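K.L.:
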Amino acid sequence: MELATLYNPHGVEERWQQTWEAEGLYRADDADETRPTYVIAVPPPNVTGALHMGHALNGTIQDALIRWHRMRGFNTLWQPGYDHAAISTEMMVERQLRTEGTSRFDLGREQFLERVWEWLHQYGGIIMGQFRRLGCSLDYDRERFTMDDGYVRAVYRFFVDLYERGYMYRDNRIVNWCTDCASTVSDLEVEHIDVDDTLTYARYPLVDGDGSVTIATVRPATILADVAVAVHPEDDRYKHLIGKHVRVPVVDRVVPIIGDEAVETDFGTGALKITPGHDPVDFEIGRKHGLEELTVIGLDGRMTGDIPDEYKGLTEDEAADKVVQWLKDNDRLEKREHYRHAVGHCDRSGTRIQPLVLLQWWCEMGDLARPALEAIESGRVRFHPPVHGRVAADWLRAIRPWNVSRQQWWGHQLPVWYCADGHVTVSETEPAACAECGAGELTRDPDVLDTWFSSALWPFATLGWPDDTRALRRFYPGDVDSTARDIIFLWVNRMIMAGLFELGDIPFHDVIIHSTILAPDGQRMSKSKGTGIDPLELIDQHGADSTRYGLLKMSSTQDVRFSSQQIEEGRRLANKLWNASRLLLMAGPETPDAQPSSEEERWILARIDATRQVVEDDLAKYDFSHAVDRLYHLTFDDFCDWYLEAIKPRLGDAQTRATAFAALERLLKLLHPVLPHVTEEIWTHLPGRESRLIVAPWPEPLPQETSGEIERAQTAARIYRRSGVRIALAGDAERIFTAVVRPSANGGGDVGKERDRLRKEIERGERMLANEKFVANAAPDVVDAEREKLEQYRAELDALG
RNA sequence: GGGCGCGUAGCUCAGCGGGAGAGCACUCGCUUCACACGCGAGGGGUCGCUGGUUCGAUCCCAGCCGCGCCCACCA
Numbered sequence: 045m046e047l048a049t050l051y052n053p054h055g056v057e058e059r060w061q062q063t064w065e066a067e068g069l070y071r072a073d074d075a076d077e078t079r080p081t082y083v084i085a086v087p088p089p090n091v092t093g094a095l096h097m098g099h100a101l102n103g104t105i106q107d108a109l110i111r112w113h114r115m116r117g118f119n120t121l122w123q124p125g126y127d128h129a130a131i132s133t134e135m136m137v138e139r140q141l142r143t144e145g146t147s148r149f150d151l152g153r154e155q156f157l158e159r160v161w162e163w164l165h166q167y168g169g170i171i172m173g174q175f176r177r178l179g180c181s182l183d184y185d186r187e188r189f190t191m192d193d194g195y196v197r198a199v200y201r202f203f204v205d206l207y208e209r210g211y212m213y214r215d216n217r218i219v220n221w222c223t224d225c226a227s228t229v230s231d232l233e234v235e236h237i238d239v240d241d242t243l244t245y246a247r248y249p250l251v252d253g254d255g256s257v258t259i260a261t262v263r264p265a266t267i268l269a270d271v272a273v274a275v276h277p278e279d280d281r282y283k284h285l286i287g288k289h290v291r292v293p294v295v296d297r298v299v300p301i302i303g304d305e306a307v308e309t310d311f312g313t314g315a316l317k318i319t320p321g322h323d324p325v326d327f328e329i330g331r332k333h334g335l336e337e338l339t340v341i342g343l344d345g346r347m348t349g350d351i352p353d354e355y356k357g358l359t360e361d362e363a364a365d366k367v368v369q370w371l372k373d374n375d376r377l378e379k380r381e382h383y384r385h386a387v388g389h390c391d392r393s394g395t396r397i398q399p400l401v402l403l404q405w406w407c408e409m410g411d412l413a414r415p416a417l418e419a420i421e422s423g424r425v426r427f428h429p430p431v432h433g434r435v436a437a438d439w440l441r442a443i444r445p446w447n448v449s450r451q452q453w454w455g456h457q458l459p460v461w462y463c464a465d466g467h468v469t470v471s472e473t474e475p476a477a478c479a480e481c482g483a484g485e486l487t488r489d490p491d492v493l494d495t496w497f498s499s500a501l502w503p504f505a506t507l508g509w510p511d512d513t514r515a516l517r518r519f520y521p522g523d524v525d526s527t528a529r530d531i532i533f534l535w536v537n538r539m540i541m542a543g544l545f546e547l548g549d550i551p552f553h554d555v556i557i558h559s560t561i562l563a564p565d566g567q568r569m570s571k572s573k574g575t576g577i578d579p580l581e582l583i584d585q586h587g588a589d590s591t592r593y594g595l596l597k598m599s600s601t602q603d604v605r606f607s608s609q610q611i612e613e614g615r616r617l618a619n620k621l622w623n624a625s626r627l628l629l630m631a632g633p634e635t636p637d638a639q640p641s642s643e644e645e646r647w648i649l650a651r652i653d654a655t656r657q658v659v660e661d662d663l664a665k666y667d668f669s670h671a672v673d674r675l676y677h678l679t680f681d682d683f684c685d686w687y688l689e690a691i692k693p694r695l696g697d698a699q700t701r702a703t704a705f706a707a708l709e710r711l712l713k714l715l716h717p718v719l720p721h722v723t724e725e726i727w728t729h730l731p732g733r734e735s736r737l738i739v740a741p742w743p744e745p746l747p748q749e750t751s752g753e754i755e756r757a758q759t760a761a762r763i764y765r766r767s768g769v770r771i772a773l774a775g776d777a778e779r780i781f782t783a784v785v786r787p788s789a790n791g792g793g794d795v796g797k798e799r800d801r802l803r804k805e806i807e808r809g810e811r812m813l814a815n816e817k818f819v820a821n822a823a824p825d826v827v828d829a830e831r832e833k834l835e836q837y838r839a840e841l842d843a844l845g
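FYI, in the numbering used here the residues of the first sequence are 45 to 845.
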C-alpha cells in the first residue's frame, strides 16, 4: 500500500467534493415517502457576497448536522440559494456607475436593472462554490434566488395576502430616512451611536402676558417646523400654562402649549418643543393631539418648505447655526451646553438618520407576532442557547409596524397600482383596471420591498410555494435554522411569523445561534479594518477538514477569539487518523465477520461505542465543540495510543486485523460529519467497501462486556512511566498490570513520587471522613464515594509496596 | 435608560457545589520499523476583588472593579 506518511488534503478534498456531488449523494428525494426528512435551509447569503468566517462556521455546523442525519437514514434536504440583498447590491452597482461618470437616474429603471443582472452574472453567485470547497453537502441542484420568477410570485402572494387581511396599508408616518441610501430603512436597520452634540436652550415667549417657556433641543434647525410646546400635565412649573400660546423663534408662529405625559419633567427644562415632521416622539404626540406635521427638511437633507428664503437650500447644520445666531441676536438664547447622546444612524451607510414624515407602505405586525410568540414561549420553537429565545420573544411582544417600502429599484417592486384618483389596487399580477373605480390607466408604485420581506419566505418559497409542490409537502416544515445572532429579529422571527401566517406551521423547531468568531485581538472581524480572516485561505493552508474541525472546536455559546491552534489541532487529527489507517492497511487484509476475542478489542469497541453515545448527545444539544473534543481524544488516546499500540505485535493475525478494521470503520463513521474528506478517502482504501461513507449507516449501539483490566493497566503504566521505568505496552493487558503492580524483574526505577501522591490522597480522604459535619450533612453517595476512593488509594499504595 | 454575557495555566477555551482541566506554547527524554503534524514524562493557576450562604464555593447570593454585546422615542 503506497500511502504518503503525511496526509495531504489538497486534491483529495476537491476530488471527493466533485464525486459526491456528481454521484448525486447531496440530493434530497421529494418522491421518497418512506424515510423521515431532515431539512435545513441555508441562510441565503447575499448574492454578491464572499465566504467569511461566519458563513464558514455556520456552513460547517449545518453540514455536520446534515451529514450526521444522512448517515442516520434521513432524507436530508439542505437548501442552498441566494438573497438579492436589495440595498447593498444596488449600492455596489451604483458605485460602478459612478466610476463611469453616470448614475442609475441617467440610465433609467429598466436599463439600470439590466446592469444589475449583468453585474450579478459577472461578480455574483460565487459563494456556493466556496461552500462546496468547505465540503458542504447542500443540494446544489435546488439552488434558489429570491429574484427567481417563482420566488417573486411568492413575494407578491405574501404581500397580497397581508393586504387582504388588512395588515398591509399605506400611510403617512414618520420614517427613518437615509439621505445617503436615498431610501427609508426599517427600525432594525438603525444603529444607535453615541455622538457629541450641543443642547441649545431657547426661550419661546408667551403670546399673552409676560415671560417665556424655555425648551432644549439638539436640532435647532427643526425649530422652523415647531407646532407646539409640550409639558407634563402634572408639572407644577408649567401646568398652569397649558392652553396658552407661545411664539416660535425665527418663524414667529403662534403655537399652543399642550400637556402630554410623554414629556420627562427632569430632562432639560421639562418643556419640549414639538416637531411632528422631524422627530418620532413628537410625531406620536402630534398625532395624539391632532397637530400639523410640517416639513422643513427635504429628502436631500436640505432645508425646504414654508420657511424664510434665507434658509432654503441650506444643510441642516448651516440652518442650525443660522437659527442659533438669530436666537442670540434676539435675546432668546439661554445657553448652549455639550451633550452626548445616542443618535440613530443607518447601519449600512453610517449616515445619521433623518426622521421624516413620508407616505409609505406599512405592515401591521401584532397579529402576525402573536402566534410566533406563542410558538417560542411554548417551546415549539427552541433557541440554542435559550437566552436568545427570550430576547426574540421580548422583541415580538413589543413589535411595531414595519415600514416595508424602499425607494430603490433593485428588488421586488411593490405589487401595487394607483389610478389617477389615487385609488389603490393590490394584485399578484398586473391589473387591467382600478379595483375601485375601474379606471384603465394605472401607475405602478415604484418602490421595492425591504429585502427581509422576501427572506421571511425562504423556508417555503424555496420549496415552490405558493404552488402546492411535492417538495413543499415533503419538506415543510423543516427542522433546524442555524444563524448568527444579529439577524434573529430581521430574519428568524419573521420566518416564524411568515410560516405560521401562510402555512399555519413553524418553519423549524430548533434555532441554533452560533457564536461570533472574533479577530484574535477580541475585536469584531472587519473587512474594512483588515482584521478579517479569510476561511478560504485557511482551507488552502490546512484543508477543509482541518478548518471544519477547528471552527467547530472554537464554536461555543459565547463569542470566541479566532485561534489557528484549533485548526492545527484538526490537521493533526486528520493526519493521525490517516497514519493509524496506514498502519492497519499495511498489515494486510482483514477477515470479515471476526469477533473480538481479546480484552483490548472489547475495550476499544466499548470506548468507541461510549463516545458514539456522548457525541450523539452533544450533537443533539448542538454542542459541537465538545463533540469534536471527544472525537479527538477517542482517536488519539484510546484508538492510537492504547489500542493500536497494544495490538501492534499481533497485527500479523487476521482475526486481530479484522477487529481493528471493524473498530476503524466505526471510528471513521463517527468522524465523518466533522472530517468528511479524509474519512471518505480512508474508507475507499478499506477492503470491500463498495459504497460511500457519506451514505454509510451511522453505527448502531454495540455494548461490550469489559473487565476494567485495561483501565488498570493504563493506571499502572502511567505510574511506572512516571517512575522512570520504561515498559512495553505490547502484550496482553493483564500481564502488564500484573507486571507493574507487582514489580519484579521488570521493576526498578523510582516509585517514591507516586507513593507520595497516594499518601496525600489518603490523607485527604481520611481528613474528610473524620469530619463529622461532612459525614452528617453531605449526600450519602458523596460520602460513600469518598470511602471507596480511600480504599482504592490504600490498595494502590499497598500494591506499590 | 433597560436587558444579557464574560473575566480559570503564557495563549485560546472547557468545567460551574465535594480531589483545578484540554489543546497549543514551554522544559526534559526518545530518529521505537503508522504518524517528529509523532511518543513518553514534566513545570506552570491566591479560578478578577470583597463579603455572605454552606460541613465544603472556581461553581450559589450580594456588592465592587474590568471587558463585551443587544434593545431603547429623555428632546
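Cβ atoms here follow ideal geometry from the backbone N, Cα and C, with glycine treated the same way. Here the structure is a predicted model, which means the values were calculated and not measured.
Looking only at C-alpha atoms, which of A48, V56 and D192 sits nearest to T506?
P.N.:
Position 462 of the first sequence, counted from the first residue, corresponds to residue 506. Out of A48, V56 and D192, D192 has the C-alpha closest to the C-alpha of T506.
K.L.:
Taking 8 Å as the cut-off, decide whether the C-beta atoms of L493 and G455 are in contact.
P.N.:
Translated into positions along the first sequence, residue 493 becomes position 449. Translated into positions along the first sequence, residue 455 becomes position 411. Cβ atoms of L493 and G455: closer than 8 Å.
K.L.:
How many Å lie between M598 and Q166 at the Cα?
P.N.:
To locate residue 598, count along the first sequence from 1; it is residue 554. To locate residue 166, count along the first sequence from 1; it is residue 122. Taking the straight line from one Cα to the other gives about 35 Å.
K.L.:
Using 8 Å as the cut-off, can you tell me whether the segment 417-426 makes contact with the segment 458-473, which would need three or more C-beta pairs spanning the two stretches below that distance?
P.N.:
No: the two stretches stay apart, fewer than three of their Cβ pairs being nearer than 8 Å.
K.L.:
By DSSP, does E421 sit in helix, in strand, or in coil?
P.N.:
Numbered from its first residue, the first sequence carries residue 421 at position 377. Helix.
K.L.:
Just mark I351 as buried or exposed, buried being the case when its beta carbon has 16 or more other beta carbons within 10 Å.
P.N.:
Taking the first residue of the first sequence as 1, we reach residue 351 at position 307. So I351 counts as buried.
K.L.:
Alpha carbon to alpha carbon, how far is H389 from P445? Give it in angstroms, no decimals.
P.N.:
The sequence position of residue 445 within the first sequence is 401, counting from 1. The sequence position of residue 389 within the first sequence is 345, counting from 1. Roughly 19 Å between the two C-alpha positions.
K.L.:
Is F519 closer than 8 Å to A72 when the C-beta atoms are compared?
P.N.:
Working through the first sequence from its first residue, we reach residue 72 at position 28. Working through the first sequence from its first residue, we reach residue 519 at position 475. Their beta carbons are under 8 Å apart, which means A72 touches F519 by this criterion.
K.L.:
Which of helix, strand or coil does DSSP assign to E830?
P.N.:
In the first sequence, the residue the question calls residue 830 occupies position 786. Helix.
K.L.:
Please look up how many angstroms separate the CB atoms of V257 and Y248, rounded, as I've assumed it's under 8 Å.
P.N.:
Locating residue 257 in the first sequence gives position 213, where the first residue counts as 1. Locating residue 248 in the first sequence gives position 204, where the first residue counts as 1. Their Cβ separation, rounded to whole angstroms, is 5 Å, which keeps V257 and Y248 in contact under 8 Å.
K.L.:
Measuring alpha carbon to alpha carbon, tell me which residue in A479, A464 and W406 is nearest R450.
P.N.:
Locating residue 450 in the first sequence gives position 406, where the first residue counts as 1. Of the candidates A479, A464 and W406, the one whose C-alpha sits nearest the C-alpha of R450 is W406.
K.L.:
To test your reading of the DSSP string, which unbroken alpha helix (DSSP H) runs of 4 or more residues are found completely within the segment 697-735?
P.N.:
Correct list: 698-715 and 720-729.
K.L.:
Could you check how far apart the C-beta atoms of R441 and G433 are, in whole angstroms? I think they sit under 8 Å.
P.N.:
Counting from 1 along the first sequence, the entry for residue 441 is found at position 397. Counting from 1 along the first sequence, the entry for residue 433 is found at position 389. Actually they are not in contact, since the Cβ atoms of R441 and G433 sit about 13 Å apart, beyond 8 Å.
K.L.:
Would you decide whether N447 is buried or exposed? Buried here means 16 or more other CB atoms lie within 10 Å of its CB.
P.N.:
By one-based count along the first sequence, residue 447 stands at place 403. Label assigned to N447: buried.
K.L.:
Beta-carbon within less than 6 Å of D326's beta-carbon, same chain only, minus the 5 sequence neighbours each way: which residues are those?
P.N.:
Along the first sequence, one-based indexing puts residue 326 at 282. Cβ neighbours of D326 beyond the five flanking positions: I318, T319 and P320.
K.L.:
Just tell me which of T487, I286, M539 and G508 has its CA closest to the CA of W496.
P.N.:
Within the first sequence, the letter at position 452 stands for residue 496. The option with the nearest alpha carbon to W496 is M539.
K.L.:
Can you give me the start and stop residues for the beta strand (DSSP E) that D554 sits inside?
P.N.:
Numbered from its first residue, the first sequence carries residue 554 at position 510. Segment D554 to I557, the beta strand (DSSP E) holding D554.
K.L.:
Helix, strand or coil for Q567? Go by DSSP, reduced to three states.
P.N.:
To locate residue 567, count along the first sequence from 1; it is residue 523. Reduced to three states, the DSSP call for Q567 is coil.
K.L.:
What does the alpha-carbon distance come out to for the pair E187 and L109?
P.N.:
Stepping through the first sequence from its first residue, residue 187 is reached at position 143. Stepping through the first sequence from its first residue, residue 109 is reached at position 65. Going from the Cα of E187 to the Cα of L109 covers about 19 Å.
K.L.:
In the DSSP assignment, find the unbroken alpha helix (DSSP H) run with D150 in it and report its ends.
P.N.:
Counted from its first residue, the first sequence places residue 150 at position 106. Counting along the chain, the alpha helix (DSSP H) containing D150 begins and ends at R148 to L151.
K.L.:
I need the DSSP call for H456, collapsed to helix, strand or coil.
P.N.:
For the purposes of this step, residue 456 is taken as the residue at position 412 of the first sequence. H456 falls in the coil class under three-state DSSP.
K.L.:
Label S641 either buried or exposed according to how many other C-beta atoms from any shown protein chain fall within 10 Å of its C-beta, with 16 as the threshold for buried.
P.N.:
By 1-based counting over the first sequence, the position of residue 641 is 597. S641 comes out exposed.
K.L.:
For S393 and P521, I'd like the C-alpha separation in whole angstroms.
P.N.:
The count along the first sequence starts at 1 and reaches residue 393 at position 349. The count along the first sequence starts at 1 and reaches residue 521 at position 477. In a straight line, the C-alpha of S393 is about 36 Å away from that of P521.
K.L.:
For a quick check, are the C-beta atoms of L675 and I652 less than 8 Å apart?
P.N.:
The residue labelled residue 675 in the question sits at position 631 within the first sequence. The residue labelled residue 652 in the question sits at position 608 within the first sequence. No, Cβ-Cβ distance for L675 and I652 is not below 8 Å.
K.L.:
Can you tell me whether L846 is helix, strand or coil according to DSSP?
P.N.:
Because the chain is modelled from 45 through 845, residue 846 falls outside the range shown and cannot be assessed.
K.L.:
Between the segment 554-568 and the segment 71-87, do at least 3 Cβ pairs fall closer than 8 Å?
P.N.:
No contact exists between the segment 554-568 and the segment 71-87.
K.L.:
To which residues does DSSP link K379 through a beta bridge?
P.N.:
As a first step, residue 379 is located in the first sequence; it is residue number 335 there, counting from the start. Its beta-bridge partners are Y245.
K.L.:
Which one of R799, A822 and M541 has the shortest CA to CA distance from E840?
P.N.:
Translated into positions along the first sequence, residue 840 becomes position 796. Checking every option, the nearest Cα to that of E840 belongs to R799.
K.L.:
Which same chain residues, not among the five before or five after G848, have their C-beta less than 6 Å away from its C-beta?
P.N.:
The question about residue 848 has no answer here: the residues shown for the chain are numbered 45 through 845.
K.L.:
Between W112 and the rest of its own chain, which residues show a CB-CB distance below 8 Å, the 5 nearest in sequence each way excluded?
P.N.:
Within the first sequence, numbered from 1, the residue matching residue 112 stands at position 68. So the list reads L663, P717 and W742, once near-sequence residues are dropped.
K.L.:
Please state whether DSSP places D525 in a helix, a strand or coil.
P.N.:
Here residue 525 refers to the residue found at position 481 when the first sequence is read from its first residue. Correct three-state label for D525: strand.
K.L.:
Per the contact definition of three or more C-beta pairs closer than 8 Å, is the segment 689-709 in contact with the segment 617-636?
P.N.:
Yes, the segment 617-636 touches the segment 689-709.
K.L.:
Which residue from V827, A563 and K804 puts its Cα closest to that of A814?
P.N.:
As a first step, residue 814 is located in the first sequence; it is residue number 770 there, counting from the start. The shortest Cα separation from A814 among V827, A563 and K804 belongs to V827.
K.L.:
How is Y200 classed by DSSP in three states: helix, strand or coil?
P.N.:
To locate residue 200, count along the first sequence from 1; it is residue 156. In the structure shown, Y200 sits in a helix (DSSP, three-state: H, G or I).
K.L.:
What is the rounded straight-line gap between the Cα of T339 and the Cα of A85?
P.N.:
The sequence position of residue 339 within the first sequence is 295, counting from 1. The sequence position of residue 85 within the first sequence is 41, counting from 1. Whole-angstrom Cα-Cα distance: 45 Å.
K.L.:
Identify whether W742 lies in helix, strand or coil by the three-state DSSP scheme.
P.N.:
Reading the first sequence from its first residue, position 698 is the one you call residue 742. It is coil, neither helix nor strand.
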